[in-house]
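In what follows, a structure is listed as structure tokens, so that the remarks can point back to it.
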Amino acid sequence: MDRIYATWRSEWVQKLAGEADERCPFCSIVEAGLKDSESDKQNYVVFRSDTCFVVLNLYPYGSGHLLVLPTRHLSDLSDLTPEEKSDLWGLLEKTIRVAKYTYHPDGINFGANLGRSAGAGIPNHFHMHVLPRWAGDSGFITTIGDTRVISESLEQSYSKLVNNWNEVS
Ligand SMILES: [Zn+2]
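Taking our numbering, the leading residue of the sequence shown gets 81, the next gets one more, and so forth.
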């Protein structure tokens with residue numbers, strides 16, 4: 081598996097840290113999609129449900145790195161309504177099935193980083209990561225602090241995942 085170094089990622093994280101009051105990138109995606117359905121393609125939104133959506137991570141730790149998150153801007157897991165929780169979990173399961181079908185990984189990491197100190201780039205809008213893993217790649221924690229990305233482009237990942245989303249039940 082080829083990897084490239086993405087040194088801009090640490091710059092991006094630092095930039096975010098200094099701009100905590102700036103517009104939430106996830107809310108921007110949600111709002112852009114309401115105004116213009118084509119924007120979901122540009123923002124790599126794989127699927128939207130009533131209360132949640134699935135989007136490619138623009139700063140992936142590896143190929144097929146997806147985020148599953150509520151549409152509403154909230155940071156605390158406890159603030160999710162029962163409907164959102166059930167929707168989120170259902171989407172998480174489906175995202176994992178689609179990631180397995182698409183990438184045939186040896187394993188999958190899924191989980192959340194709560195708070196910036198725990199590694200969350202956007203701590204104010206709760207989101208869960210789904211990350212395909214292969215034997216021999218580095219550990220999840222090491223990966224978070226690292227700058228490696230696998231060389232599939234976001235466009236390639238996006239078109240595969242959108243097609244497979246409809247194929248996988
Ligand atoms: Zn938000």
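Every residue, glycine too, gets a C-beta built ideally from N, C-alpha and C.
Legend entry - Beta-carbon contacts of residue 237 that lie in its chain and below 7 Å, excluding the five residues immediately before and after: Position 157 of the sequence shown, counted from the start, is the residue given in the question as residue 237. Around residue 237: 136, 143 and 144.
Inset, instruction - Could you check what DSSP says for residue 221 in three-state terms: helix, strand or coil? - result: Residue 221 sits at position 141 when you count from the first residue of the sequence shown. Residue confidence for residue 221 is low, a pLDDT of 49 falling below 50, so the modelled location carries little weight; the figure read from the coordinates is stated next. Three-state DSSP puts residue 221 in a helix.
Legend entry - Per-residue DSSP class, three states only, for residue 244: Counting from one through the sequence shown, the residue named residue 244 turns up at place 164. Correct three-state label for residue 244: helix.
Legend entry - Neighbourhood of residue 203 by C-beta distance below 7 Å, restricted to the same chain and skipping five residues each side: As a first step, residue 203 is located in the sequence shown; it is residue number 123 there, counting from the start. These residues qualify, in order along the chain: 155, 195 and 196.
Inset, instruction - Leaving aside the five residues before and after residue 112 along the sequence, list all residues of the same chain whose C-beta is less than 7 Å from its C-beta, in chain order. - result: Counting from 1 along the sequence shown, the entry for residue 112 is found at position 32. Excluding residues within five positions, the ones whose Cβ falls inside 7 Å are 119 and 123.
Inset, instruction - Indicate, with yes or no, if ligand 1 has a heavy atom lying under 7 Å from the CB of residue 132. - result: For this step, residue 132 is matched to residue 52 along the sequence shown. Residue 132: no, Cβ never under 7 Å from ligand 1.
Legend entry - Cβ contact (3+ pairs, closer than 8 Å) linking the region 127 to 141 and the region 161 to 168: yes
Inset, instruction - Helix, strand or coil for residue 195, going by three-state DSSP, please let me know. - result: Locating residue 195 in the sequence shown gives position 115, counting from the first residue. Here residue 195 sits in coil by DSSP.
Inset, instruction - List the residues that DSSP assigns as beta-bridge partners of residue 134. - result: As a working note, residue 134 is residue 54 in the sequence shown. DSSP output for residue 134 lists 127 and 148 as bridge partner(s).
Legend entry - Selected residue, minimal CA-CA separation from residue 147, among 216, 247 and 191: Position 67 of the sequence shown, counted from the start, is the residue given in the question as residue 147. From the listed residues 216, 247 and 191, the smallest Cα separation to residue 147 is found for 191.
Legend entry - 8 Å CB neighbourhood of residue 180 in its chain, flanking five on each side removed: The residue given as residue 180 occupies position 100 in the sequence shown. Correct list, in chain order: 188 and 212.
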